[in-house]
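Numbering (the numbering used here), first residue to last: 956 to 1201.
For each residue, glycine too, the CB sits at the ideal point set by N, CA and C.
It should be emphasised that the depicted structure is a prediction, and the values quoted were computed from it without experimental measurement.
First comes the structure, then the notes that go with it.
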Amino acid sequence: TVDLEPDCPPYLRGWRGMETGAPPLLDLLGSLGVPATFFTTGEAAQRHPDVVEALVGQGHELGCHGHTHRAFPDLDRQEAAREVERSSEILRSFAPVTAFRAPFLRLPDRFLPLLEEAGYEIEASRSRYTPAHWLQGEATTLVRLPASTTSSVLRLPAWVRDPFLAQLSSPVVLFVHPWEFVDMTAEPIPWHCRLGTGPSALQALEAVVTLFSGRGARFRRMGEAARSRAPAPTTLRPGPPSDSDP
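Put into structure tokens, the structure is as follows:
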């Protein structure tokens, strides 16, 4: 999965990722034959409709990442509703959108009904590597598909990264950002955000795809992965690891 957003929020405010990072990423996914889900902010779609049109035209799935990339825990219900409604309106002018991922992978349970009312079927804001994922949550009709690891892990040296990735349970949900494929090493952002950014990040992503392909993995969009999961309603408590392909 890919999160289309401003450059490394909340630390930067540019759009170099959308301008120069997204095109080579799309080229790489196309050359590898890997379908992806692009969780896109409404603002990113407004500023760079060409990128959204390109990814939809190449058969990738369009998902929602809010409108302004504001953190949902900081919003009241009215503000959260505007974020969902505005972004949904913009994105659905390009393609059907049924998957949602909150900025910073943080979505309070109190906002789940907003997604249900807006016609969403998939919620991808949880992360297996945080304690919140393992806590019992509110029941929802949404299929929950949590991220397996942080995007910075994919940019680690292969001797560290590959053994770790090989231990992840299926379904493996990875994510990247277009700004990672722009050289951010001199920017005033946390070290794990700067580490390995630029062309080397694109090479690392290709190596990760090759790693999973060699293990017989099947790459699927979020909508396809959700259909293979247990039927709704679901809760935040994860079930036993699936035997299905990543």
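- Below 8 angstroms, enough C-beta pairs join the segment 1167 to 1180 and the segment 985 to 999 to call them touching: three or more.
- The residues PHE1027 and ALA1035, in chain order, have a CB closer than 7 angstroms to that of PHE1066 in the same chain once the five nearest residues on each side in sequence are set aside.
- When the five nearest sequence neighbours on each side are left out, the beta carbons in the same chain lying within less than 7 angstroms of the beta carbon of TRP1134 are those of ASP962, CYS963, ARG971, GLY972 and GLY976, in order along the chain.
- Looking at the backbone, the Cα of LEU1010 and that of PRO978 are separated by about 9 angstroms.
- Pairing ARG968 with ARG1116, the inter-Cα distance amounts to about 29 angstroms.
- Taken in chain order, the whole alpha helix (DSSP H) runs of length 4 or more contained in the segment 1060 to 1121 are 1067 to 1072 and 1113 to 1121.
- In this structure GLY1018 is in contact with ALA1054, their Cβ atoms being roughly 4 angstroms apart against a cut-off of 8 angstroms.
- If you check the CB distance, GLU1008 and HIS1132 do not come in under 8 angstroms.
- Non-local C-beta neighbours of LEU1166 in its own chain, meaning closer than 8 angstroms and more than five positions away in sequence, comprise ASP1117, LEU1120 and ALA1121, ordered along the chain.
- The C-alpha of ARG1025 is placed about 11 angstroms away from the C-alpha of LEU1062.
- With a cutoff of 8 angstroms on beta-carbon distance, LEU1129 and SER1103 are scored as near each other.
- By the Cβ-count criterion, TYR1084 is exposed, with fewer than 16 other Cβ atoms from all chains shown falling within 10 Å of its own Cβ.
- Taken through DSSP and simplified to helix, strand or coil, ASP982 comes out as helix.
- The beta carbon of ARG1184 sits closer than 6 angstroms to the beta carbons of VAL1098 from its chain, once the five residues preceding and following it are set aside; these are given in chain order.
- For LEU1017, the beta-bridge partners assigned by DSSP are PHE993.
- Annotation: the continuous beta strand (DSSP E) that includes VAL957 extends over 957 to 959.
- In this structure ALA1113 is exposed. Its beta-carbon is surrounded by fewer than 16 other beta-carbon atoms within 10 angstroms.
- Boundaries of the alpha helix (DSSP H) harbouring GLY1169: 1154 to 1169, taken from the DSSP string.
- A Cβ-Cβ distance of about 6 angstroms is found for the pair GLY1151 and ALA1159, placing them in contact under the 8 angstroms criterion.
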